[in-house]
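If you use this note's numbering, the sequence shown corresponds to residues 8 to 206, in order.
We put the beta carbon where it would ideally sit given N, CA and C, even for glycine.
Everything on this sheet refers to the single structure shown next.
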Amino acid sequence: MTYNFFATLSRMKYIDRWALMRNARTETLSEHALDVAMIAHALCVIGNVRFGRALDADRAALLGLYHDASEIITGDMPTPVKYFNRDIRDAYKEVENMAQMRLLRQLPEDMREVYAGIFEEAQGEENYYMRRLVKAADKLSALIKCMEETGAGNGEFRTAQKSTQKAVDELAWELPEVKVFVEEFLPPYGSTLDELLGR
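Structural data, given as structure tokens:
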């Protein structure tokens with residue numbers, strides 16, 4: 008018997024983000040998932056090294072990789088639509104949950120529990136904090152995209168950058184890991200490769 012789970016996930020590369028806006032460069036769901044995974048991992052490492060936490064950075068990276076997997080089925084719902092009001096947000100959450108269940112059914116039964124644990128909300132304070140850092144990584148990834156677009160002269164992303172920057176600033180007040188990332192790692196984004204490598 009064959010299973011479609013990983014072949015379906017591989018289609019993340021066909022899902023474009025930011026559909027309501029003109030993009031200087033299209034960003035796929037695959038690219039976004041990788042960015043979120045790397046940033047979530049970094050935020051947990053910062054938490055462990057700088058703030059004495061005991062966060063599972065590897066698990067955070069895994070959660071980041073799969074955090075939008077349901078969008079293979081649902082597509083990328085634009086944020087202004089998704090969060091327009093509570094009814095739409097709750098209905099979309101239900102659609103996301105159904106999409107996740109559909110993905111899980113594409114696995115052999117003996118593997119489903121492992122991946123269900125990645126999709127479902129983790130229990131416990133440490134896991135809650137780690138999930139908050141994954142959500143922060145998602146916002147940071149969006150901010151980086153906005154910075155890249157405005158840096159490329161695309162004024163279409165000006166207001167998105169402002170609102171996303173505000174959300175990241177608010178997260179930085181409650182999550183010190185975000186503040187460190189913003190101060191120490193965010194400024195070089197948009198630099199040329201020569202600048203990044205010190206040539």
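Hey, could you find the ends of the alpha helix (DSSP H) residue i is sitting in?
i, result
"Tyr-99", "93-111"
"Pro-183", "183-191"
"Met-45", "36-58"
"Ile-80", "78-81"
"Leu-70", "64-73"
"Arg-119", "116-126"
"Phe-164", "No alpha helix (DSSP H) holds Phe-164; DSSP gives it neither H nor E."
"Thr-15", "12-16"
"Leu-203", "200-203"
When you compare the CB of residue i with every CB in chain C, is at least one pair closer than 8 Å?
i, result
"Val-102", "Of the protein chains in the structure, only one exists, and it is not chain C."
May I have the straight-line CA-CA distance separating residue i from residue j, to the nearest angstrom?
i, j, result
"Asn-55", "Val-43", "18 Å"
"Gly-124", "His-74", "12 Å"
"Ala-167", "Cys-153", "7 Å"
"Asn-11", "Thr-35", "21 Å"
"Gly-205", "Leu-69", "32 Å"
"Gln-172", "Glu-120", "37 Å"
"Leu-111", "Ala-14", "13 Å"
"Glu-116", "Glu-202", "50 Å"
Comparing C-alpha positions only, which one of the options sits nearest to residue i?
i, options, result
"Ala-49", "Ala-143, Ile-80, Met-19 and Ala-26", "Ala-143"
"Tyr-122", "Arg-66, Leu-150 and Ile-80", "Arg-66"
"Ala-149", "Phe-13, Ile-46, Arg-57 and Arg-109", "Ile-46"
"Arg-165", "Phe-192, Ala-98 and Met-28", "Met-28"
"Asn-161", "Thr-15, Thr-33 and Ile-22", "Thr-33"
"Arg-109", "Phe-126, Leu-72 and Glu-155", "Phe-126"
"Leu-147", "His-39, Trp-25 and Lys-20", "His-39"
"Gln-107", "Ala-174, Ala-64 and Leu-16", "Leu-16"
With a CB to CB cut of under 8 Å and the five nearest residues on each side skipped, what residues in its chain are close to residue i?
i, result
"Gly-158", "Gly-197"
"Arg-57", "Pro-183, Glu-184 and Val-187"
Below 6 Å CB to CB, which residues in the same chain sit around residue i once its five sequence neighbours on both sides are set aside?
i, result
"Met-137", "Leu-62 and Ala-67"
"Glu-103", "Ser-77"
"Ile-53", "Glu-184 and Val-187"
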